[in-house]
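Protein chains: 2
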Amino acid sequence: MPIKSESRKRKVKREDVAQAAGVSSATVSYVLNGTKRLSPEVEKRVLEAARQLNYCPDFHARALAGSKSYTLGLLTTDIANTYQLEVIKGLQSEALKYDYVVIVFDAFGDTERYIDSLISRRVDGIFVSIAPDSLPDESLCKLRDADIRVLAEFARNSFLPDVSYVMYDHSDGLVQAVRYLKELGHSKIGFLSAFDEGYLYDKRLPGFHRAMEEVIGEKDPAIVYGSSPYFTSEEFGGTLMQRMMEEHPEVTAVIATNDLMAIGAIKAIKKAGKRVPEDYSVCGIDNIQLSRLCDPPLTTLDQNGREYGMKIFHILYDSISAHKAGEYILPMQLLVRGSTGPVRGA
Amino acid sequence: MPIKSESRKRKVKREDVAQAAGVSSATVSYVLNGTKRLSPEVEKRVLEAARQLNYCPDFHARALAGSKSYTLGLLTTDIANTYQLEVIKGLQSEALKYDYVVIVFDAFGDTERYIDSLISRRVDGIFVSIAPDSLPDESLCKLRDADIRVLAEFARNSFLPDVSYVMYDHSDGLVQAVRYLKELGHSKIGFLSAFDEGYLYDKRLPGFHRAMEEVIGEKDPAIVYGSSPYFTSEEFGGTLMQRMMEEHPEVTAVIATNDLMAIGAIKAIKKAGKRVPEDYSVCGIDNIQLSRLCDPPLTTLDQNGREYGMKIFHILYDSISAHKAGEYILPMQLLVRGSTGPVRGA
DNA sequence: TTGTAAGCGTTATCAA
DNA sequence: TTGATAACGCTTACAA
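Here the protein sequences come in this chain order: P and H. According to the working numbering, the first sequence holds residues 2 to 347 in order. According to the working numbering, the second sequence holds residues 2 to 347 in order.
Below you can see the structure in the form of C-alpha cells.
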C-alpha cells in the first residue's frame, strides 16, 4: 500500500528542538554532542524533543562550523579485489559506528581529480592502498598539506613526514611459513609471484627470499613470476603453478603471493592429476573467506581483511584526534589448514 | 626523496582569490560556477588567480549555502556481487565527471542508520538496489520526504509516489532467449533460480514462465530453486545444474538467473562428462565480464553493468535538476556466444 | 548550568 | 557587469 507523499515540510532544525524543549539552541548542541554535561532533567527533555521532531542535524553545517567532516577517503588499486572488498567492509562498518562515512575511489580514474574532490570535501583522513606508481608522493603531500591525516600502506623505501604507514610483517610471516614447511620435511619450496622480476614495491617476495635463506639456507629458491599489468585471479595462479611444475619438478611446496592464486594453484595441481597435500603443499597469504571453503582448506598467512579494515579505521581515528602520524607494523599469523602436509615420499 | 611538510598555511578562500584578481568575492563565484557571464578579461584574471593560489572551494560551505550537496547514495544488497561492482564503477565514474561523489552502503549493516546518515548529509539522490525485505517502503518515503530524489530498482508490485523506478525488460529479454533456443530446436528448457519458490520480488523467473508459455506453449517448465538466504556463486549454480540433470533428464537447454550461476552450471555439466553446447545449451543473464572469458563464452542477456551504472547516474542527475520522478524501462539484448547450439541429436 | 553571539565559506538576492 | 550583504545551520568561546 503506497504511502502518501507528505506536503513539503520545512526542515526541522536545532532551533525547533530548542523551542520544543524550552531551552536555548546551544543547550541542544551540548546534549546531542555530549560536549557538556547538563542536568539529567534538561538532557531528557532535549532528547525527547529531538526524537519527537525527528531531528537530523545538518551535516554540512556541522562540518562548516566545526573542524571535522566525519568523512574518510579510501584510495584502492581495485575495488573488485576480493581482499580489498573485505578491507572496505571492515573499514566502513567500523566507521559507521563513529558516524563516519567512507568515500571509495579506485585507481582506474583520474586520481588527481579524486585528490581534489577529497580536499574540497575536507575529509578528515584517508587510507591509501595503492602502489606508488599509481599515486605519486606529491599527491600524498598535497593531501597532508590540506590538513588531512594520511595513512598509507607502506610499499616504498622512504617515509614521508607527517604521513602514517601500516604494514604487515611479511618478513616474519614468511619465516613462520617456511619454518613450518621445513618441519614437514620440505626443502624445495617455490614461490608464485603476481609481479614481474623488476617490480620494486612488493614486500612479499623479498620476505620469502629472506626466510628461505635464514631458515633453509637456500639462496636461489624456485620462483615463477607474473608480468605487468599486474593482476590476480585463480586462473593466473593456475598458469603460474603449471609453469612451476614444468620448470621446477623438484619443488614439493609452494607459497603463493595471495590466496586467490594459491587456490588456482591447487586446481592446477589437481588438474595435472596430482594431489594436495600428498604431492604438493600449498600455502597462501591473506586469509580471504574463500580460503576456508576451498578443497582442501588453504593453509595461509592470516591478514584478516575485515579486521584489518577495522584496525585501519581506528588508526585513522586516533590520528585524527591526536593530530599526529605514526608507523604501524601488524603481525601475521600462520593458519594451518589442510593444504599443507609432509613432503611427498616421506 | 621525501618532500618537506610545509608550515601549516591558512586555507585559501574565495576572498583571497578575489583580492588577488582585484575583484569582489561574488565575482569569483560567478566565474567559477559559470552562474553569470562576465567579461572575458575578468574571467581570465579570476581563473588565473584561482589556479595560482591553488584554490579549492569548500564543499561544505557550498552545500550549506546552496541547495545541492553533490553527493549521491547507493544502497546495494552486496558490494561483493560481481555485477553490482560494475554498476558501482559505472555510476562512480560518471558521477565524478559532474563533481559528484557516491557513498556506498550494503545491506548487511544497520540500514536505518544508513538512511539517517544519508539524510544528515543531505545527499541529492540515492539509488536503491536492494530487495524490499531489506529496506521497507517506509525508508524510501523517509528519504523522499527529506527531499532526496530516490531511484529504485523496481522489484515490487506498487509504485511509491514521487519515487523513480528503473527496471530491465526481463520479460521481453526472456522471450528473445526462449525464441532463440526454440529456433535451435530446443523445447525442453529449464530454469535455474537463485531464489526459493515463494520469493515475490524476482522478475526473471516470471518472465521465463511467460516466455515459455507464449513461445513454446509450455505451462510447466522444469525449474530448480535455491533457498533463503539468497546468494549467488559459481558453486551454487553448479549444484542447481546437477539437480536439474538428475531431476529433469529431458532438459536440453537451461537459462540461469545470472551469469555467475550459468558459469557454474557449465562447469557442472563438464564435470558430469557432458559437453556445452553439444549436450546442453546454457544461457545467462547480466553479461558480466567473466561471461566473455569463460569456456565456452556464455550466451547471455545483456545488461551491461557499467553502462547501467552510467545510465543510473544520468537518470538521477536529471531528476535532481528537474525535481521530478519517472519510470524507466531499459531494453535487454540477447548476446549469442558459444554456450548455446542446436539441440542434442539434431 | 544555561544562554548569547560570533564565526565557518559559500550562494544568492539586491542594489549600484 | 559588478559589489555588498543576508542567509545557510551549526559549534563554541564567553558571558550570565
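Just so it is clear, CB atoms sit at the ideal spot from N, CA and C, and this is done for glycine as well. Predicted model only: the values in this text are computed from it and were never measured.
Q. In whole angstroms, what separates the C-alpha of residue 115/P from that of residue 142/P?
A. Cα to Cα, the separation comes out at about 14 Å.
Q | Alpha carbon of residue 192/P to alpha carbon of residue 80/P, nearest angstrom | A | Distance between the alpha carbons of residue 192/P and residue 80/P: 26 Å.
Q: Spatial neighbours of residue 7/H within its chain, please: CB distance less than 7 Å, with the 5 preceding and 5 following residues excluded, ordered by chain position.
A: With a pLDDT of only 36 at residue 7/H, under 50, the local geometry of the prediction cannot be trusted, and no value is derived from it.
Q: Going by DSSP, name the residue or residues bridged to residue 331/H.
A: According to DSSP, which records beta bridges pairwise, residue 331/H is partnered with 169/H.
(Q) For residue 346/P and residue 292/P, I'd like the C-alpha separation in whole angstroms. (A) Taking the straight line from one Cα to the other gives about 26 Å.
Q) Using the rule of at least 16 other Cβ atoms within 10 Å of the residue's Cβ for burial, across every protein chain shown, is residue 19/P buried or exposed? A) It counts as buried.
Q: Output the boundary residues of the alpha helix (DSSP H) element that contains residue 208/P.
A: Here the alpha helix (DSSP H) through residue 208/P covers 205 to 212.
Q.
At a CB distance below 7 Å, what residues from the stretch 98 to 124 of chain P approach chain H? Give them in sequence order.
A. Within the stretch 98 to 124 of chain P, the residues whose Cβ lies closer than 7 Å to some Cβ of chain H are 102, 104, 105, 110, 114, 117, 118, 120, 121, 122 and 123, listed in chain order.
**Q.** Residue closest to residue 228/P, alpha-carbon to alpha-carbon, out of 13/P, 240/P, 220/P and 222/P
**A.** Considering only alpha carbons, the answer is 240/P.
Q. Between the beta-carbon of residue 167/H and the beta-carbon of residue 104/P, is there less than 8 Å?
A. Between residue 167/H and residue 104/P, the CB-CB gap reaches or exceeds 8 Å.
Q) Is residue 349/P near residue 119/P, with beta carbons less than 8 Å apart? A) No statement about residue 349/P is possible, as the shown extent of chain P runs from 2 to 347 and does not include it.
Q: For residue 284/P, name the three-state secondary structure that DSSP assigns.
A: Secondary structure of residue 284/P (DSSP, three-state): strand.
Q) According to the neighbour-count rule (16 or more other Cβ atoms, all chains shown, within 10 Å of its Cβ), is residue 301/P buried or exposed? A) Result: buried.
Q | Within 8 Å, strictly: CB atoms of residue 133/P and residue 157/P | A | It is a contact, given that the beta carbons lie within the stated cut-off.
Q: Take residue 175/H and list the residues in its own chain whose beta-carbon comes closer than 6 Å to its own, dropping the five residues that flank it on each side.
A: For residue 175/H, the CB contacts under 6 Å within the same chain, skipping 5 residues up- and downstream, are 208, 209 and 212 in chain order.
Q) Hey, does residue 128/P have any beta-carbon neighbour from chain H nearer than 8 Å? A) Chain H, which has no Cβ nearer than 8 Å to the Cβ of residue 128/P, makes this no.
**Q.** Bounding residues of the alpha helix (DSSP H) (the contiguous stretch that carries residue 140/P)
**A.** Looking at the DSSP string, the run of the alpha helix (DSSP H) that includes residue 140/P is 138 to 146.
Q | Cβ-based contacts, 8 Å cut-off: residues of the stretch 44 to 67 of chain P near chain H | A | Listed by position, the residues of the stretch 44 to 67 of chain P near chain H (Cβ gap below 8 Å) are 57, 58, 59, 60, 61, 62, 64 and 65.
Q: Compare the beta carbon distance of residue 307/P and residue 87/P with 8 Å and say whether it is the shorter of the two.
A: With a cutoff of 8 Å on beta-carbon distance, residue 307/P and residue 87/P are scored as near each other.
Q.
Can you pull the chain H neighbours of residue 299/P, defined as C-beta to C-beta under 7 Å?
A. Neighbours of residue 299/P on chain H: none; closest Cβ ~16 Å, over 7 Å.
Q: Would you list the one or two residues that DSSP bridges to residue 154/H?
A: Partner(s): 167/H.
**Q.** Chain-order list of residues whose beta-carbon lies under 7 Å from that of residue 41/P (same chain, five-residue window excluded)
**A.** Same-chain partners within the cutoff: there are none.
Q.
Against chain H, with Cβ distances strictly below 8 Å, would residue 165/P count as a contact?
A. Cβ-Cβ to chain H under 8 Å: no for residue 165/P.
Q) Got a sec? Which residues, its chain only, sit under 6 Å from residue 165/P by beta carbon, not counting five neighbours each side? A) For residue 165/P, the CB contacts under 6 Å within the same chain, skipping 5 residues up- and downstream, are 152, 320, 326 and 327 in chain order.
Q | Short CB-CB distance (under 8 Å) between residue 26/H and chain P | A | No, because no Cβ of chain P sits closer than 8 Å to the Cβ of residue 26/H.
**Q.** Sequence-distant residues of its chain with Cβ nearer than 8 Å to residue 3/H (five each side left out)
**A.** Because the pLDDT of residue 3/H is 32, which lies under 50, any placement of that residue in the model is unreliable, and the question is left without a value.
Q: State yes or no: is the C-beta of residue 78/P within less than 8 Å of the C-beta of residue 108/P?
A: Going by C-beta atoms, residue 78/P is nearer than 8 Å to residue 108/P.
Q: Please confirm if residue 254/P has its CB atom under 8 Å from at least one CB of chain H.
A: For residue 254/P, the closest Cβ of chain H is not nearer than 8 Å.
Q. Does residue 86/P have its Cβ less than 8 Å from a Cβ in chain H?
A. Yes, residue 86/P counts as interfacial toward chain H.
Q) If you draw a straight line from the alpha carbon of residue 106/P to that of residue 37/P, how long is it in whole angstroms? A) Cα to Cα, residue 106/P sits roughly 37 Å from residue 37/P.
Q. By a C-beta neighbour count over all protein chains shown, 10 Å radius and 16 as the cutoff for buried, is residue 230/P buried or exposed?
A. Label assigned to residue 230/P: exposed.
Q: For my contact list, residue 277/P and residue 270/P are in at a C-beta cut-off of 8 Å; report their separation, rounded to the angstrom.
A: With a contact defined as Cβ atoms closer than 8 Å, residue 277/P and residue 270/P qualify at about 5 Å.
Q: Within its chain, find whatever has a CB closer than 6 Å to the CB of residue 29/P; leave out the 5 residues flanking it on each side and keep chain order.
A: Same-chain partners within the cutoff: 15, 18, 19 and 47.
Q.
Pop quiz: residue 72/H and residue 146/H are said to be a contact at Cβ under 8 Å. What is the actual Cβ separation, rounded to whole angstroms?
A. About 18 Å; that fails the 8 Å criterion.
Q. Can you name, in chain order, every residue of its own chain whose Cβ lies under 6 Å from the Cβ of residue 223/H, other than the five neighbours on each side?
A. Excluding residues within five positions, the ones whose Cβ falls inside 6 Å are 191, 249 and 252.
Q: Would you check if the distance between the CB atom of residue 304/P and the CB atom of residue 169/P is smaller than 8 Å?
A: Residue 169/P sits close to residue 304/P, with the two beta carbons spaced by under 8 Å.
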